[in-house]
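As you go down the protein sequences, you meet chains C and H in turn.
Note that the first sequence covers residues 0 to 153 in numbering that gives the first Met the number 0.
Note that the second sequence covers residues 0 to 620 in numbering that gives the first Met the number 0.
Taking it in order: structure first as structure tokens, then the write-up.
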Amino acid sequence: MEMAEVEEILGRYEGEPGDLIPVLQDVQERYHYLPEEVLRYISGRLHVPLSQIYHVATFYNAFSLQPKGKYTISVCMGTACHVRGAPTILESLQRILGIRPGETTPDGMFSLETVHCLGACALGPLVVIGGDYHGRMTPTKLDAVLRRYRKGGG
Amino acid sequence: MSRLESTADLEALRRRLAHERDPNRRYIAVCCGTGCTASGSRDVLAAFKEEIERRGLSGRMEAEGRVDLRRTGCHGFCEQGPLVVVRPEGIFYRRVKVEDVPEIVDALESGGVVERLLYVDPTTGERVVKEEDVPFYRHQQRLLLANNGRIDPTDIMDYIAVGGYRALSKVLDEMGPEDVIREIKDSGLRGRGGAGFPTGIKWELCRKSKGDFKYVLCNADEGDPGAFMDRSLLEGNPHSVLEGMIIGAYAVGAREGVVYVRNEYPLAVEHMSIAIEQARGLGLLGENILGSEMSFDVRINRGGGAFVCGEETALIASVEGRAGEPRPRPPYPAERGLWGRPTLINNVKTWASVPIIINNGADWFSKIGTKTSKGTMIFSLVGKVKNTGLVEVPMGITLRQLVYDIGGGAPDGEVKAVQTGGPSGGCIPRELMDIPVDYERLAEVGSIMGSGGMIVMDERTCMVDVAKYFVSILEDESCGKCTSCREGLRQMRKILTDITEGRGKEGDIELLEELAEVVADASLCALGGTAPNPVLSTIKYFREEYEAHIREKRCPAGVCRALIRYTILEDVCTGCGLCRRNCPQGAISGEPKKPHKIDQDKCIKCGICLDVCRFGAVKVE
């Protein structure tokens, strides 16, 4: 793996142990996960033990140690969405995609995850796919929405 | 724009802006908060821009008849988005689509109103023209949110034009740090993050703490599900938060500040970054602010998506680059916080309240609210309520006023309970809807003020399921440091799952109560300390629902999947076949135009048939 990009990310910060989380966030954004060799490299550059990096990487929900699909599907499980039927939406998605939260479809298209609240409660139940908000979701609407992404567009 | 070298420079700039900007000049405010953006407001904004340019109506400095377009932050009434308000008249349009734009501009030019885009008051059936007359807004008292929806959050000049940074000028010109602290103490302001600790006392403690280098932190790790007011403030009026932080830094003698904001709020991060940049450019941040002795700068830290980081010691650990695990207090952050130095940490709303208090005086502020809870509070009114959105009301308003006068009640059926305070809060039954909202009264009935999330629940909400839901979140978000929290919540979730899946047994309720007590007593931070609230409050007020699940294996609200079944009402079903075609399991059979049937062995209770049926023929029991 090319470390020039990682160097570029490290260059945005001062290179202190306190910069670990912002650096990991940028790496996550760039690769959609935290590759092991990048973590090893960062450990050396920021002088933070690899064990501590893994502690941080597994503690925060924002980080993933597995590669993510092309589109991440986030199902909002906030309270407002919950009382408006989010669990049914999640189950329908699991059924349609054949994966559970935290997993990626075999074709590398979709990763499924749940979030506790996206703060767009008026639109609940809410599903965010690849950064696009799809509000007032119903199990019936899901199929059509997913088809649009499979065809390669929002 | 060059640096402002003194408070007089700032006032001169303000006068110039007032001169350049005719307050009677019309502008179209398009809400571009997260809610309206998700409903398509960016496209509406672009369509307005094009239409206004096409008709030659653009330009700030042009002559009469011209119109400005302003991209603003959240107006609060997210349910009706995208929202467009024509000011100064305050004509309120809702659910605006791109196609509606030419018609609105026509009306603007002719001095008319587009009737069909106006809000219809559901109780009177009448169209409401002005924003201030919409019931949702009429009962509010907007101080913190006053300028959301009026200013462009990405333009510091808009904030300065409406009096922004005047409180900072006043502080630098007329007040010593002790005067500022006294003012905040006298105002009675309490921490808006949830716990309600008196803000002035926190400031005083930090001021008195020894140390050459102090920090100011803004806690914008708004983790409570169902709460989004902090995000709206950062998105819609970031400078008000920044101004509060600068004043706080002046009061305690801090050099550096950090805004810790959730990574899930990209627009808030963007607007706050722009605000910091612009404030720096004008010399409102950096060395010798407004030519004074004071130096202070702010940076942003994005959160990692951990609920527990809303707890102040966990937040500090996260800023230091570590996992967000809380530590025991004392020492409080005001004594030993970030990097072991005295640190003043407050919630977004607390910071945004500071300029308001300085401008209007502690006396004025302390007249709003109740004896122990002063000022206004922003609630996010969500769930099974007609008017979903952000509401700002004086402390002491009753839950009934909030849910019915502003929220319009539940869309179908009766309100059953109101949940406040996020996962650490409790469910308040409708019998107690007349209690005034303040820190003490909410605690008395088993809930908390929290960060302001207010979720309305109706007859179709199962309270055992709600308790399970909150416990699952807390189990998931527990950092794992304290055994009582980590294991106790796990056991509570298991018992609640058993109850909702028909495996509940006698003694489960008592066991839950006992576990709840241990978790609350033996956990270090507020996450564990308040974790039992949702369970205890639902047991207290809705014990019969628990008993129905345990003894009769029945979910009265029709939510718990293992305990319900879907059936088709023969006399209502028209045999249209829609449910049959949509059923993912092929569990529905029937001939055209004849009543259909659900095969209970195949049914997975996904609810699609209920969702698609146009005749209300699918029944849940």
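Ideal Cβ placement from N, Cα and C applies to all residues, glycine included.
For residue i, the three-state DSSP class (helix, strand or coil)
i	result
residue 231 of chain H	helix
residue 132 of chain H	helix
residue 92 of chain H	strand
residue 456 of chain H	strand
residue 301 of chain H	strand
residue 118 of chain H	strand
residue 23 of chain H	coil
residue 42 of chain C	helix
residue 609 of chain H	helix
residue 74 of chain H	coil
residue 378 of chain H	strand
residue 556 of chain H	coil
residue 469 of chain H	helix
residue 516 of chain H	helix
residue 66 of chain H	coil
residue 24 of chain C	helix
Cut-off 6 Å between Cβ atoms - residues of its own chain near residue i, not counting five sequence neighbours on either side
i	result
residue 31 of chain H	40, 70
residue 84 of chain H	28, 91, 130
residue 367 of chain H	374, 393
residue 291 of chain H	171
residue 107 of chain C	68
CB contact flag (residue i, residue j, <7 Å)
i	j	result
residue 230 of chain H	residue 118 of chain C	yes
residue 454 of chain H	residue 78 of chain C	yes
residue 311 of chain H	residue 332 of chain H	yes
residue 560 of chain H	residue 618 of chain H	no
residue 596 of chain H	residue 606 of chain H	no
residue 154 of chain C	residue 63 of chain C	What the structure shows of chain C is the stretch from 0 to 153, and residue 154 of chain C is not part of that stretch, so it cannot be assessed.
residue 289 of chain H	residue 471 of chain H	no
residue 220 of chain H	residue 302 of chain H	yes
residue 138 of chain H	residue 405 of chain H	yes
residue 608 of chain H	residue 578 of chain H	yes
residue 521 of chain H	residue 483 of chain H	yes
residue 281 of chain H	residue 3 of chain H	yes
residue 195 of chain H	residue 449 of chain H	no
residue 381 of chain H	residue 120 of chain C	yes
residue 459 of chain H	residue 556 of chain H	yes
residue 264 of chain H	residue 300 of chain H	no
Per-residue contacts from residue i into chain H (C-beta, under 9 Å)
i	result
residue 146 of chain C	None at all; the shortest Cβ gap to chain H is about 15 Å.
residue 24 of chain C	262, 301, 303
residue 71 of chain C	Correct list: empty, because the minimum Cβ distance to chain H is about 12 Å.
Same chain only: Cβ atoms within 7 Å of residue i, ignoring 5 sequence neighbours per side
i	result
residue 434 of chain H	397, 398, 440, 444
residue 250 of chain H	176, 179, 180, 202, 206
residue 552 of chain H	501, 562
residue 621 of chain H	With chain H covering only 0 through 620, there is no way to say anything about residue 621 of chain H.
Residue i: contacting residues in chain C (beta-carbon distance under 8 Å)
i	result
residue 227 of chain H	116, 118, 119, 120
residue 412 of chain H	By Cβ distance, chain C contributes nothing, its closest Cβ being about 12 Å from residue 412 of chain H, past 8 Å.
residue 610 of chain H	137, 138, 139
residue 581 of chain H	139
residue 323 of chain H	58, 59
residue 418 of chain H	78
residue 621 of chain H	Residue coverage of chain H in this structure runs from 0 to 620, which leaves residue 621 of chain H outside it and unanswerable.
Contacts that residue i makes with chain C (C-beta to C-beta distance below 7 Å)
i	result
residue 456 of chain H	82
residue 472 of chain H	115
residue 224 of chain H	77, 78, 115, 116
residue 319 of chain H	17
residue 78 of chain H	121
residue 37 of chain H	119, 122, 132, 134
Close-in-space but distant-in-sequence residues of the same chain around residue i (CB under 8 Å, 5 per side omitted)
i	result
residue 164 of chain C	Past the edges of chain C, shown from 0 to 153, lies residue 164 of chain C, and the structure says nothing about it.
residue 513 of chain H	none
residue 395 of chain H	368, 369, 372, 435, 436, 437
Residue i Cβ short of 6 Å to the ligand MN heavy atom set
i	result
residue 4 of chain C	With respect to the ligand MN, the structure offers nothing, as it holds no ligand at all.
Under 7 Å by beta carbon: chain H residues contacting residue i
i	result
residue 20 of chain C	303, 317, 320
residue 90 of chain C	605
Proximal chain C residues relative to residue i, where beta-carbon distance stays under 9 Å
i	result
residue 123 of chain H	In chain order: nothing, as chain C lies at least about 23 Å away.
Closer than 8 Å at the beta carbon, the chain H residues around residue i
i	result
residue 5 of chain C	In chain order: nothing, as chain H lies at least about 17 Å away.
Notebook entry, point to check: Between the region 0 to 8 of chain C and the region 23 to 37 of chain C, are three or more C-beta pairs nearer than 8 Å?
Noted result: They touch, by the three-pair rule.
Notebook entry, point to check: Contact between the region 416 to 425 of chain H and the region 525 to 533 of chain H: three or more CB pairs below 8 Å?
Noted result: Under the 8 Å Cβ criterion, the region 416 to 425 of chain H counts as touching the region 525 to 533 of chain H, having at least three qualifying pairs.
Note to self: Does the region 332 to 348 of chain H come into contact with the region 208 to 222 of chain H, if we say contact requires no fewer than three beta-carbon pairs (one atom in each stretch) closer than 8 Å?
What the structure shows: The region 332 to 348 of chain H is in contact with the region 208 to 222 of chain H.
Check: Counting Cβ pairs, one atom from each stretch, are 3 or more of them under 8 Å apart for the region 60 to 80 of chain C and the region 119 to 129 of chain C?
Finding: Here the region 60 to 80 of chain C lies against the region 119 to 129 of chain C, with 3 or more beta-carbon pairs under 8 Å apart.
Notebook entry, point to check: Does the region 15 to 23 of chain C touch the region 316 to 325 of chain H, meaning 3 or more C-beta pairs lie closer than 8 Å?
Noted result: Contact between the region 316 to 325 of chain H and the region 15 to 23 of chain C is present, because at least three Cβ pairs lie under 8 Å.
Notebook entry, point to check: With contact counted as at least three CB pairs below 8 Å, one residue from each stretch, are the region 569 to 584 of chain H and the region 480 to 496 of chain H in contact?
Noted result: No: fewer than three Cβ pairs fall under 8 Å.
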